[in-house]
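J.: Taking this note's numbering, the leading residue of the sequence shown gets 10, the next gets one more, and so forth.
Every residue, glycine too, gets a C-beta built ideally from N, C-alpha and C.
The structure is given below, and queries will be raised subsequently.
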Amino acid sequence: MKFTISATELNAKLIALAKVMNSKVALPIYSTFLLELKDGVLRITASDMDCSRCSTLPVIDMDGANGHSESICVTASFLLDSLKNLGDQPVTFEADEENLSVVIRYNNGQFDMVGFPAKDYVLPGTMEKNVKATIEASVLNDSIGKSLYAVGNDDLRPIFCGIYFTKKGDELQCAATNGSMLVRNIYKVEDDGQEYNFLLHSRAAKIVRSMTSKSDEKVQVFITDREMAFQTETDYFRTRLIEGRYPNYNAVIPTDSDKNAILDKNELLAAVRRVSVFADKARCEVAMNFSGLSLVLSGKDIDCSTHAEETVFCAYQGGNLRIGFKAEFLKQTLENITTKEVQFKLSTQERAGVITPVTDDDQMETVALIMPILLSA
10 MKFTISATEL NAKLIALAKV MNSKVALPIY STFLLELKDG VLRITASDMD
60 CSRCSTLPVI DMDGANGHSE SICVTASFLL DSLKNLGDQP VTFEADEENL
110 SVVIRYNNGQ FDMVGFPAKD YVLPGTMEKN VKATIEASVL NDSIGKSLYA
160 VGNDDLRPIF CGIYFTKKGD ELQCAATNGS MLVRNIYKVE DDGQEYNFLL
210 HSRAAKIVRS MTSKSDEKVQ VFITDREMAF QTETDYFRTR LIEGRYPNYN
260 AVIPTDSDKN AILDKNELLA AVRRVSVFAD KARCEVAMNF SGLSLVLSGK
310 DIDCSTHAEE TVFCAYQGGN LRIGFKAEFL KQTLENITTK EVQFKLSTQE
360 RAGVITPVTD DDQMETVALI MPILLSA
């Protein structure tokens with residue numbers, strides 16, 4: 010196997026693929042990249058046994074491999090560490106499948122290493138495609154980006170460690186929750202007659218997001234009971250799904266709130282950041298006192314004798330209300346809303362607060378929910 014390729018392009022591709030790999034993987038072969046060369050295209054595979062991603066790159070020049078495939082496995086850390094310091098220049102990659110020698114030649118020198126047989130790299134078998142559908146890359150990317158912040162990280166509750174997608178009619182819903190906050194995004198999509206749902210682990214979701222970050226094409230999606238795959242023009246990603254029944258998140262979103270406030274999102278976010286500095290470090294609580302045309306934010310730490318209070322003007326309807334939220338949950342929710350104004354829908358200090366963007370976009374709807382906390386005296 011011999012080919013020439015851009016060091017910068019190869020390094021960028023390897024960095025993206027390395028996110029699939031796990032340093033604690035049981036089999037050493039999965040700490041390598043599988044490189045396959047055929048017809049002027051380099052195919053690179055990375056896997057951790059649960060997830061696998063394949064991606065292709067065109068090569069600048071090559072010897073052999075016309076009509077047949079040549080392949081070898083190379084230790085990922087060697088490739089990543091060697092290529093990242095080369096800059097933008099062509100590199101020539103030479104590998105011998107028999108003695109497993111690998112040489113990377115660049116302008117002023119070369120790297121020598123030993124590879125592994127490609128036959129030892131076991132790839133998943135053929136997937137039975139129960140559902141085959143397409144999703145716009147922009148919708149997939151946006152839905153993941155606006156949901157990841159609410160995903161839980163408790164391994165004892167794996168259901169909360171992923172994003173739940175549901176497609177029905179012309180709506181694609183995605184939801185994420187950690188038990189204390191929740192976000193639900195609804196997108197208007199083409200009604201292709203397909204109905205499906207899947208629970209995608211947050212780690213896999215981040216990989217899908219990176220695959221679709223610079224794409225405006227449609228992503229092919231293949232779904233079975235236990236795994237699924239995403240395919241674009243240059244990438245293929247296959248992953249296991251989280252098994253279990255996702256809670257009925259729509260049922261917990263209050264619909265009878267009698268208090269409403271509209272605020273400037275950036276002003277509110279900045280105020281929360283400032284006030285939270287002086288809040289109790291263990292509880293991280295911020296009190297929100299709604300009355301008249303203003304919201305008074307306050308935070309205090311009795312142990313450190315610190316206190317902060319700030320007034321934010323708002324359009325408020327309803328009786329006076331004092332309610333507390335975790336500062337971090339407030340910040341994460343507001344940071345993931347892109348509109349100029351946000352609306353708070355509240356009822357009592359014991360019931361969840363609903364936060365929505367103020368927008369006239371009829372193609373997408375976002376609803377966020379935060380559970381309140383009991384305020385200290």
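Within 10 Å of its beta-carbon, does A377 have 16 or more other beta-carbons around it, so buried, or fewer, so exposed?
T.: Locating residue 377 in the sequence shown gives position 368, counting from the first residue. Residue burial is scored here from C-beta neighbours: A377 has at least 16 other C-beta atoms within 10 angstroms and is therefore classed as buried.
J.: According to DSSP, Q358 sits in a beta bridge with which residue or residues?
T.: For the purposes of this step, residue 358 is taken as residue 349 along the sequence shown, with counting starting at 1. Per DSSP, none; premise fails for Q358.
J.: Quick one: grab the DSSP three-state call for F287.
T.: Looking up residue 287 in the sequence shown gives position 278. Residue state, collapsed to three classes: coil.
J.: Whole angstroms are fine: how far does the CA of K141 sit from the CA of R254?
T.: Start at 1 with the first residue of the sequence shown, and residue 254 comes out as number 245. Start at 1 with the first residue of the sequence shown, and residue 141 comes out as number 132. Between R254 and K141, the C-alpha separation is close to 22 Å.
J.: L92: buried (16+ other C-beta within 10 angstroms of its C-beta) or exposed?
T.: Indexing the sequence shown from 1 puts residue 92 at position 83. Around the beta carbon of L92, a 10 Å sphere encloses 16 or more other beta carbons of the protein chains shown; the residue is thus reported as buried.
J.: Rounded to the nearest angstrom, what separates C183 and F207 at their Cα positions?
T.: Looking up residue 183 in the sequence shown gives position 174. Looking up residue 207 in the sequence shown gives position 198. Each residue's alpha carbon lies about 10 Å from the other.
J.: Just the Cα atoms here: how many angstroms apart are N162 and V284?
T.: Indexing the sequence shown from 1 puts residue 162 at position 153. Indexing the sequence shown from 1 puts residue 284 at position 275. Their backbone Cα atoms lie some 27 Å apart in a straight line.
J.: When the Cα atoms are used, what is the spatial distance from L384 to A279?
T.: For the purposes of this step, residue 384 is taken as the residue at position 375 of the sequence shown. For the purposes of this step, residue 279 is taken as the residue at position 270 of the sequence shown. Their backbone Cα atoms lie some 21 Å apart in a straight line.
J.: Any idea if K349 is buried or exposed, counting beta-carbon neighbours within 10 angstroms, 16 or more meaning buried?
T.: Within the sequence shown, residue 349 is the residue found at index 340, counting from 1. Exposed: under 16 other Cβ atoms inside 10 Å.
J.: In the DSSP assignment, what residue or residues form a beta bridge with V299?
T.: As a position in the sequence shown, residue 299 is number 290, starting the count at 1. Per the sequence shown, the amino acid found at residue 299 is Phe instead of Val. Bridge partners of F299: L304, L330.
J.: Can you tell which of R235, L19, L339, S307 has the C-alpha that lies nearest to the C-alpha of M136?
T.: Locating residue 136 in the sequence shown gives position 127, counting from the first residue. Cα-wise, what sits closest to M136 is R235.
J.: Please work out which residues of its chain come closer than 8 Å, Cβ to Cβ, to C170, disregarding the five sequence neighbours upstream and downstream, and give them in chain order.
T.: Along the sequence shown, one-based indexing puts residue 170 at 161. The residues are V160, G161, N162, D163, D164, H210, S211, I251.
J.: Taking all protein chains shown into account, do 16 or more other C-beta atoms lie within 10 angstroms of the C-beta of C60, making it buried, or fewer, making it exposed?
T.: Residue mapping note: residue 60 aligns to position 51 of the sequence shown, counting from 1. It counts as buried.
J.: Between the Cα of V83 and the Cα atoms of V100, Y130, D267, which residue gives the shortest distance?
T.: As a position in the sequence shown, residue 83 is number 74, starting the count at 1. Ranking V100, Y130, D267 by Cα distance to V83 puts Y130 first.
J.: When DSSP labels each residue in this structure, what does R62 get in the three-state scheme?
T.: Against the sequence shown, residue 62 aligns to sequence position 53. If DSSP states are grouped into helix, strand and coil, R62 belongs with the strands.
J.: Take F120 as the anchor and find which of L43, S110, T243, A291 has the nearest alpha-carbon.
T.: Here residue 120 corresponds to residue number 111 of the sequence shown, with the count starting at 1. From the listed residues L43, S110, T243, A291, the smallest Cα separation to F120 is found for S110.
J.: Tell me the DSSP secondary structure of Y115 in three-state form.
T.: Sequence index remark: in the sequence shown, residue 115 carries index 106 (1-based). Three-state result, Y115: strand.
J.: Report yes or no: do three or more beta-carbon pairs, one from the region 144-159 and one from the region 216-226, lie closer than 8 Å?
T.: yes
J.: Nearest to T357 by alpha carbon, out of Y258, T375, N269, E276?
T.: Reading the sequence shown from its first residue, position 348 is the one you call residue 357. It is N269.
J.: Which of the three DSSP states is assigned to Q240 in this structure?
T.: Translated into the one-based positions of the sequence shown, residue 240 becomes position 231. Three-state DSSP puts Q240 in a strand.
J.: By alpha-carbon positions, which one of T175, I195, L132 ends up nearest to E204?
T.: Counting from 1 along the sequence shown, the entry for residue 204 is found at position 195. Among T175, I195, L132, the Cα nearest to that of E204 is on T175.
J.: Quick check on this structure: which residue in A296, E337, V100, Y173 has the alpha carbon closest to the alpha carbon of N257?
T.: In the sequence shown, residue 257 corresponds to position 248, counting from 1. Selection A296, E337, V100, Y173 evaluated against N257 yields Y173 as nearest (Cα-Cα).
J.: Buried or exposed: where does N150 fall if 16 or more other Cβ atoms within 10 Å of its Cβ makes it buried?
T.: Locating residue 150 in the sequence shown gives position 141, counting from the first residue. Sixteen is the threshold: when 16 or more other Cβ atoms of the shown chains lie within 10 Å of the Cβ of N150, as they do, the residue is buried.
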